[in-house]
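Counted from 1, the sequence shown has number 95 at position 94 by our numbering; the numbering is strictly sequential.
We treat Cβ as the ideally placed atom computed from N, Cα and C, and that holds for glycine.
Encoded as structure tokens, the structure appears first; notes follow it.
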Amino acid sequence: MQRKDIPLTQRRGDIAILAFFLINILFITYVVDIEQLIIPDPTHFTYPIWPPPTAVDAIHWWGHTFDPALIARPVWWKVTIWIDALFFGPFYVVAIYAYLKSKEWIRIPSIIYASVMLTNVTVILGEEMFGAHATPNLPVVLLANLPWLLFPIYIIYRMWRSSHPFTQTITQSDLRAAEPNMQASRAAVGKIKPRPTAVSFFDKYGPWAVVAGASAGLGAEYATQLAAKGLNLVLIARRADLVDRLAERLKTEYPIQVRTLSIDLAQADAASLIATQTRDIEIGMLVYDAALSAVGPFFAQPLETHLREIDTNCRTPLMLAYLLGQRRASRQRGGIVLMSSLSATQGTPLISNYAATKAYNLVLAEGLWDELREQGVDVTACCAGSTDTPNYRASTPAKNFTSVMAPSSVVAETLAALGRNPSVVPGRSNRLAAFVMRRLLSRRLAVTVMGRTLRGMYS
Ligand SMILES: NC(=O)c1ccc[n+]([C@@H]2O[C@H](COP(=O)([O-])OP(=O)(O)OC[C@H]3O[C@@H](n4cnc5c(N)ncnc54)[C@H](OP(=O)(O)O)[C@@H]3O)[C@@H](O)[C@H]2O)c1
2 MQRKDIPLTQ RRGDIAILAF FLINILFITY VVDIEQLIIP DPTHFTYPIW
52 PPPTAVDAIH WWGHTFDPAL IARPVWWKVT IWIDALFFGP FYVVAIYAYL
102 KSKEWIRIPS IIYASVMLTN VTVILGEEMF GAHATPNLPV VLLANLPWLL
152 FPIYIIYRMW RSSHPFTQTI TQSDLRAAEP NMQASRAAVG KIKPRPTAVS
202 FFDKYGPWAV VAGASAGLGA EYATQLAAKG LNLVLIARRA DLVDRLAERL
252 KTEYPIQVRT LSIDLAQADA ASLIATQTRD IEIGMLVYDA ALSAVGPFFA
302 QPLETHLREI DTNCRTPLML AYLLGQRRAS RQRGGIVLMS SLSATQGTPL
352 ISNYAATKAY NLVLAEGLWD ELREQGVDVT ACCAGSTDTP NYRASTPAKN
402 FTSVMAPSSV VAETLAALGR NPSVVPGRSN RLAAFVMRRL LSRRLAVTVM
452 GRTLRGMYS
């Protein structure tokens, strides 16, 4: 699979990491560290050639005022300084080059560096709090050390999350976008007249999109953002009055055609009905948004509700992806968005069956992402966190422990991820929560944490 670099300007997190590496190499590793290695006793010393006297004075002032361990320089402290000078210094130089030039071999060294840095800083802070040279000004020392705690955590998160942190797959649409240039160069050589083939969102995913579950919340937002991109829409939900009203609004705001279908997506024949009623139009995109989410103890719900959840959340999206996708196979383009959830990556008490149906969508989308991209079809699952929709509000959580996102941001991030990633977690704090739950905690602990969170929200 061919890959292309993601420009540094689109990797804002990496710009921050680069600034962190630069600050370390310019002010810490070969200034503060050198002072500590060549001046064993800060009360009796002569100024060395390096670092400059002002830097030496500043380091000593900091030590005397806030940080007694820095003045006492016990053996364990010196070990951390030697690690910094011998390993971290050269690492920063190589890493700055690698991050700037998108060299992905720096991924594992970055994880090792960040883990050792995190260990060092944890040892230092432990000593600062409880050791023989505990600081009398803990809040100031904690604050000063915070970047050396947060950046390593972020670097581990960033490098662990993806095996290709600096590049992305070259998709069929990239190749199509490159086609005019290739044609132009062929034309220059062979005098062939170039044919303009700019690929827009509409070309990739149009002319028609089906949004299943479009009357409210995220589904209505998908419909609005797809309409703004010029796609004609088939809007599906049970509440015909709501989808009809949305259709009228979108037709007045955008030059598009809109059809509405009032169908219960839990019905066994829902997907075949939709396939039949859209036989005359070319569907490039499917957004499956509808879901049944029954909140409460497992046995408090009738078995029928659990089965209905499976029909609405698993059976019908599978059938629609299959039936509409088959028609698309010859087109060599198209898109599928399946709505999953942050609850999909571990068991989630009080919504156990719902979370399991969302896991189904996530895994289905990931598999299809790889399988269908050869056919030019982009697939992604949206693992949304709490989102401010009528359904979310109706579930009346007593408390919320995470930030609640606006539907417009969730949808914009998901559509931007289409063609890039098999799944997307919209929102920074959701991404951090997902990283902790998936990568740092054991599954057992993750389930326990989710249980506490859900009980706090709904009990
Ligand atoms: N909101 C959140 O916090 C959150 C978090 C994570 C994931 N998600 C996921 O995001 C998606 C959208 O959630 P949401 O909060 O916007 O609202 P929602 O109420 O779950 O569903 C939104 C749409 O689905 C339609 N729908 C539901 N069941 C249907 C059925 N049996 N047949 C036809 N249409 C049906 C609803 O229309 P009608 O009622 O008119 O039929 C509505 O238009 C869901 O898949 C959900 O699991 C949401």
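Does DSSP put residue i in a helix, in a strand, or in coil?
i           : result
residue 455 : helix
residue 51  : coil
residue 335 : strand
residue 38  : helix
residue 104 : coil
residue 309 : helix
residue 377 : coil
residue 304 : helix
residue 169 : strand
residue 357 : helix
residue 279 : coil
residue 420 : coil
residue 4   : strand
residue 231 : coil
residue 298 : coil
residue 237 : strand
residue 98  : helix
residue 255 : coil
residue 364 : helix
residue 388 : strand
residue 207 : coil
residue 443 : coil
residue 405 : coil
residue 352 : coil
Taking 7 Å as the line, does the beta carbon of residue i fall inside it for any heavy atom of ligand 1?
i           : result
residue 430 : no
residue 438 : no
residue 250 : no
residue 287 : no
residue 304 : no
residue 214 : yes
residue 340 : yes
residue 359 : yes
residue 220 : yes
residue 457 : no
residue 297 : no
residue 311 : no
residue 353 : no
residue 206 : no
residue 237 : yes
So, residue i versus residue j, is the Cβ gap smaller than 8 Å?
i           : j           : result
residue 430 : residue 384 : no
residue 412 : residue 126 : no
residue 241 : residue 273 : no
residue 462 : residue 291 : Nothing can be reported for residue 462: it is not among the residues displayed for the chain, which extend from 2 to 460.
residue 230 : residue 336 : no
residue 210 : residue 243 : no
residue 287 : residue 322 : yes
residue 43  : residue 82  : no
residue 142 : residue 128 : no
residue 310 : residue 358 : yes
residue 333 : residue 297 : no
Is residue i a contact residue of ligand 3, with contact defined as CB to any heavy atom under 7 Å?
i           : result
residue 136 : For ligand 3, the structure offers nothing, since it holds only ligand 1.
Measuring alpha carbon to alpha carbon, tell me which residue in the options is nearest residue i.
i           : options               : result
residue 289 : 351, 229, 277 and 416 : 416
residue 356 : 281, 324, 455 and 421 : 455
residue 148 : 358, 314, 24 and 307  : 24
residue 395 : 294, 66 and 427       : 294
residue 443 : 35, 50, 347 and 331   : 347
residue 424 : 438, 380, 110 and 102 : 380
residue 202 : 245, 81, 361 and 285  : 285
residue 246 : 271, 101 and 216      : 216
residue 51  : 81, 35 and 78         : 35
residue 17  : 100, 94, 56 and 361   : 100
residue 387 : 458, 373, 362 and 436 : 458
residue 354 : 324, 377, 318 and 308 : 308
residue 93  : 433, 298 and 114      : 114
residue 69  : 102, 108 and 138      : 138
residue 391 : 221, 460 and 132      : 221
residue 27  : 106, 325, 334 and 85  : 85
residue 133 : 441, 78 and 151       : 78
residue 271 : 150, 105 and 325      : 325
With a threshold of 8 Å between beta-carbons, can residue i be considered close to chain D, or not?
i           : result
residue 247 : The chain labelled as chain D is not found in the depicted structure, where only one protein chain is given.
Hey, is the region 403-421 in contact with the region 355-367, meaning 3+ C-beta pairs nearer than 8 Å?
-> no
Are there three or more Cβ pairs, one per stretch, closer than 8 Å when the region 249-256 is compared with the region 293-310?
-> no
Do the region 254-263 and the region 221-229 meet, that is, are 3 or more Cβ pairs less than 8 Å apart?
-> yes
Evaluate the contact criterion for the region 154-161 versus the region 27-46: three or more CB pairs, one atom per stretch, below 8 Å.
-> no
For the 8 Å Cβ check, are there 3 or more pairs between the region 7-15 and the region 163-170?
-> yes
Any chance the region 44-60 sits against the region 112-123, with 3 or more Cβ pairs inside 8 Å?
-> no
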